[in-house]
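Positions in the sequence shown are counted from 1; adding 57 to them yields the working numbering.
Backbone N, C-alpha and C define an ideal beta-carbon position, used for all residues, glycine too.
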Amino acid sequence: MLRALPRALRLPRPWRSNGARDCASDATAGGHEIQVRALTGPDQGADLKEREQMSAAEVGVFVQRLRGLMNEIAAFPAPTIAAMDGFALGGGLELALACDLRVAASSAVMGLIETTRGLLPGAGGTQRLPRCLGVALAKELIFTGRRLNGVQAHELGLVNHAVAQNEEGNAAYHRARALAQEILPQAPIAVRLGKVAIDRGMEVDIASGMAIEGMCYAQNIPTQDRLEGMAAFREKRPPKFVGK
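#1: Using only CA atoms, which one of 167, 233, 286 lies nearest to residue 206?
#2: My assumption, with CB atoms under 8 Å, is that residue 155 sits in contact with residue 122. Please give the rounded CB distance.
#3: For residue 213 and residue 190, what's the separation of their Cα atoms in angstroms?
#4: So what does DSSP say about residue 168, is it helix, strand or coil?
#5: Among 209, 202, 239, 136, whose alpha-carbon lies nearest the alpha-carbon of residue 254?
#6: Leaving out the 5 sequence neighbours to the left and right, which residues in its chain are closer than 6 Å to residue 245 when beta-carbon positions are compared?
#7: If contacts are defined as beta-carbon pairs under 8 Å, then residue 177 and residue 183 qualify, I think. What distance do you get, rounded to the angstrom?
#8: Mind checking whether residue 276 and residue 250 have CB atoms under 8 Å apart?
#9: If you compare alpha carbons, which of 266, 204, 160, 153 is closest to residue 130?
#10: Report the rounded CA-to-CA distance for residue 257 versus residue 132, giving the unit in angstroms.
#11: Buried or exposed: where does residue 269 fall if 16 or more other Cβ atoms within 10 Å of its Cβ makes it buried?
#12: Going by the beta-carbon positions, is the gap between residue 288 and residue 295 smaller than 8 Å?
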């Protein structure tokens, strides 16, 4: 298995947005944000009423494409944060599980409720939830189709942070933005390689995981950012990482 790892651990190209709206809080952040909005009209998207009209073959294709989308989000090279301010049921929670970090309003409602509708999670929920919470707890939540609020989800470790909802209904979004601002100043190559090491390491035994970590570390050694970080520490100043 390890013979295939070097190619699999090749560092992805840095992500660049293409025309995304700039939502950086200040000019120094220089970042962009992908805005996801609910669609309206004939394109308002997936729900059970829509799927009820599909044939068995169409359902299979639909779920396969949805599963592929979740896998692409999980494999995104930069850190991803899910902000849950309202309902995240079924596929909504599967989308959040595909992200690296999750933030929820205390009043948010989430769960893999598919079994209450004669279904089972089909977009990664049966695989990502046990990796997040452990097998026994994931089975309990999926078997029962239980719904959790943000506070309960935080107590179980399903979300990283739970915050009180505000009047605008976007408290989780703002907490997710604050969390992103904590990540933003850090060395981008080191962050991306850290994500690769964790994600790939979780799929293998500890010895193979240590080998993955070693290969990721080796890729970071020749970077300018590593030298900048050490120089900044020696000179007692904030580092200026450039992603090289």
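Walking through what the data contain:
#1: 167
#2: Between residue 122 and residue 155 the Cβ distance is about 14 Å, and since that is not below 8 Å, they are no contact.
#3: 7 Å
#4: strand
#5: 136
#6: 300
#7: 7 Å
#8: yes
#9: 153
#10: 10 Å
#11: buried
#12: no
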